[in-house]
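Here the structure comes first, spelled out in structure tokens, and everything after it is commentary.
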Amino acid sequence: MEYSKKQVGDLVGFELEIYQFGQGDGPKLMVTAGVHGGEVTGIHAARRLIEFLQENESQLKGQVKILPVCNQGAYRRMQRSNPYDEIDMNRIFPGKMGSKPTLATAALVYEEAAWPDYLVDLHCCGLYGSNYTLATWMDSEGDKELASMLDIPVVIKSGGTAGQLFVESSQKRNIPSVIIELSGGQPTGQIDLDSADIAYQALLKLMKKLGMLPGEVEPFEPAFCLPLERVVAIEDGLFLPQIEKGTWVEKGQVIGSLNGKPISVEQDCRVMNIGPARYLFRGDYLYVYTVRA
Ligand SMILES: [Zn+2]
């Protein structure tokens, strides 16, 4: 294993930890986490993968590079952006050296990310969100193939917003690249241990499917789905959910109630985020869903 720390300028808290495993021929996989500093389920999954590879490097064919905390300043505050400049790092790739701290850090991350055959960027979708892969799967065969090799139940179509690490990497460098969005993270840096384990296992299976680790894996087919949609409350009141996040439901099925009146879904879908019982105001979200493409 090679471990290095790169300093961004002379600012405190702007370091990039880089772990590199394996050498020689074979696929090259890069895993990034903590581009949004508070999204710690992803950071935890990356750290578990580092531990695994520290103990099992001799089995590895190919190379793995892991950046567990891409945005150190934001991580120290357990928040999305670095308090020095409040710039969202995942909107400004490829970044810019010698510029504001977040831009400079992004440039360093992007330089490291020129290297792999596959890129997986780990994020969080909040405590009440359920896990999914985010990919421009309709536009890129490579991204679709990578998403299909991850044992994450749902692949959501990304709008391909420029400036995101995985979008720039896929579109500008033609490197198959996806995000895994994991439960936890927001609002204040909670690790969802089960989701971290799901991501960790998915990355190990990906490496087996790529021939980077020994062992067979069960086939798995994720559901390829359209972008997330939100349904909002049409009046103030008490919302009581009746299903769990991450549940497939059929058209007409009741998923909760608002002021005692049933709320049903208008089409077959998977409810990705529904939240706990709560008082809502008109316009607040009730639930977030996706439909199969
Ligand atoms: Zn994020």
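Residue numbers (the numbering used here): 15 to 307.
Ideal Cβ placement from N, Cα and C applies to all residues, glycine included.
The secondary-structure analysis by DSSP pairs residue 63 with nothing; it has no beta-bridge partner. As summarised for the segment 158-229, the continuous beta strand (DSSP E) elements at least 3 residues long and confined to that stretch are 168-171, 191-196, given in chain order.
Counting only unbroken stretches of 4 or more residues, no alpha helix (DSSP H) element lies wholly within the segment 243-290.
By the criterion of a C-beta distance shorter than 6 Å, residue 84 is surrounded in its chain by 46, 48, 49, 123, once the five residues flanking it on both sides are discounted.
With a cutoff of 7 Å on beta-carbon distance, residue 148 and residue 193 are scored as near each other. Burial state of residue 244 is exposed, judged by a 10 Å Cβ sphere holding fewer than 16 other Cβ atoms. Three or more beta-carbon pairs separated by less than 8 Å link the segment 112-122 to the segment 78-94, which places the two stretches in contact.
Distance from residue 178 to residue 107 at the Cβ level is roughly 7 Å; contact confirmed, criterion being Cβ atoms closer than 8 Å. Out of 250, 266, 34, the CA that lies nearest to the CA of residue 296 is found in 250. With a threshold of 6 Å, the Cβ atom of residue 53 counts as near ligand 1, since some heavy atom of the ligand is closer than that.
DSSP places residue 37 in no beta strand (DSSP E); its state is neither H nor E.
Below 8 Å, too few C-beta pairs join the segment 97-114 and the segment 63-77 to call them touching: fewer than three. When DSSP reads this structure, residue 86 sits in no beta bridge, so it has no partner.
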